[in-house]
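Enquirer: For reference, the structure I am asking about is given below.
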Amino acid sequence: MTHPRSGFDPAASSLAGDVAPEVMAELLSVRSSIDNIDATLVYLLAERFKATQRVGHLKAEHDLPAGDPQREAAQIARLRMLAEEAQLDPAFAEKFLNFIISEVIRHHQAISENRRPAAEGRHDDPSSAAGTGTGTDGTHA
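Going by numbering that gives the first Met the number 0, the first residue of the sequence shown is number 0, and it counts up by one from there.
Shown next as structure tokens:
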């Protein structure tokens, strides 16, 4: 049955008709579990990126660098350990986290770049009036 919103057909397979029906049924059952896990991963990643967006805004507000190599190294070491405990290839887990980290840093850089012009041109920003002889309320100091 095709999913009405996405057009996804969980029974789609190039193996249909080439394997015994009981094997196909078991295959589709396991794939259904995989599909549910994939959906969960997408939503978990979305939540993670919402949290890292908040970090990016905080870093931009305080002129902090987009990356934090010490934090990243600690996270990679932690994830490798968790991967081993979960019987997942630690090298795969590290590659996966490195990809996520690179995307997070890219997002943080974009947040910082998008924030700069707005802050520099604002009249209510005390730093934009510094050295101009004009106060933040438009009066002369």
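Glycine included, every Cβ here is placed at the ideal spot set by N, Cα and C.
1) Determine contact between the segment 55-66 and the segment 102-112, defined as no fewer than three beta-carbon pairs at a distance below 8 Å.
2) According to DSSP, simplified to helix, strand and coil, what is HIS61?
3) How long is the line joining the alpha carbons of GLU21 and ILE100, rounded to whole angstroms?
4) For ALA34, name the three-state secondary structure that DSSP assigns.
5) Check whether the segment 35-44 touches the segment 86-93, taking contact to mean three or more Cβ pairs, one atom from each stretch, closer than 8 Å.
6) Let me make sure I understand the geometry here. Which of ILE104, ALA19 and ALA24 has the alpha-carbon closest to that of ALA65?
7) Evaluate GLY55 with the Cβ neighbour count: other Cβ atoms within 10 Å of its Cβ, from every protein chain shown; 16 or more gives buried, anything less gives exposed.
8) Is DSSP giving ALA111 helix, strand or coil here?
9) ARG4 by DSSP, collapsed to three states: which one?
10) Flag this pair as yes or no: are the beta carbons of ALA15 and LEU27 separated by less than 7 Å?
11) What ranges does the alpha helix (DSSP H) occupy inside the segment 41-88, keeping only unbroken runs of at least 4 residues that lie completely in it?
12) SER12 to HIS106, Cα distance in whole Å?
13) Are LEU78 and LEU96 close, meaning C-beta to C-beta below 7 Å?
Expert: Taking the coordinates as given:
1) Flag = yes, the segment 55-66 and the segment 102-112 touch.
2) Translated into the one-based positions of the sequence shown, residue 61 becomes position 62. HIS61 falls in the coil class under three-state DSSP.
3) Within the sequence shown, residue 21 is the residue found at index 22, counting from 1. Within the sequence shown, residue 100 is the residue found at index 101, counting from 1. Taking the straight line from one Cα to the other gives about 42 Å.
4) On the sequence shown, residue 34 is found 35 positions in, with the first residue counted as 1. Checking the sequence shown, residue 34 turns out to be Asp, not Ala. If DSSP states are grouped into helix, strand and coil, ASP34 belongs with the helices.
5) Between the segment 35-44 and the segment 86-93 there are fewer than three C-beta pairs closer than 8 Å, too few to call the two in contact.
6) Here residue 65 refers to the residue found at position 66 when the sequence shown is read from its first residue. Comparing Cα-Cα distances from ALA65 to each of ILE104, ALA19 and ALA24, the minimum goes to ILE104.
7) Along the sequence shown, one-based indexing puts residue 55 at 56. Buried, by the Cβ-count rule.
8) Numbered from its first residue, the sequence shown carries residue 111 at position 112. According to the sequence as given, residue 111 is Ser; it is not Ala. In the three-state DSSP reduction, SER111 falls in the helix class (H, G or I).
9) Residue 4 sits at position 5 when you count from the first residue of the sequence shown. In the structure shown, ARG4 sits in coil (DSSP, three-state: anything other than H, G, I, E or B).
10) Taking the first residue of the sequence shown as 1, we reach residue 15 at position 16. Taking the first residue of the sequence shown as 1, we reach residue 27 at position 28. No, they are not a contact pair.
11) Fully enclosed alpha helix (DSSP H) runs of 4 or longer: 68-84.
12) Counting from one through the sequence shown, the residue named residue 12 turns up at place 13. Counting from one through the sequence shown, the residue named residue 106 turns up at place 107. Their backbone Cα atoms lie some 37 Å apart in a straight line.
13) Along the sequence shown, one-based indexing puts residue 78 at 79. Along the sequence shown, one-based indexing puts residue 96 at 97. For the pair LEU78 and LEU96, the CB atoms are nearer than the 7 Å cut-off.
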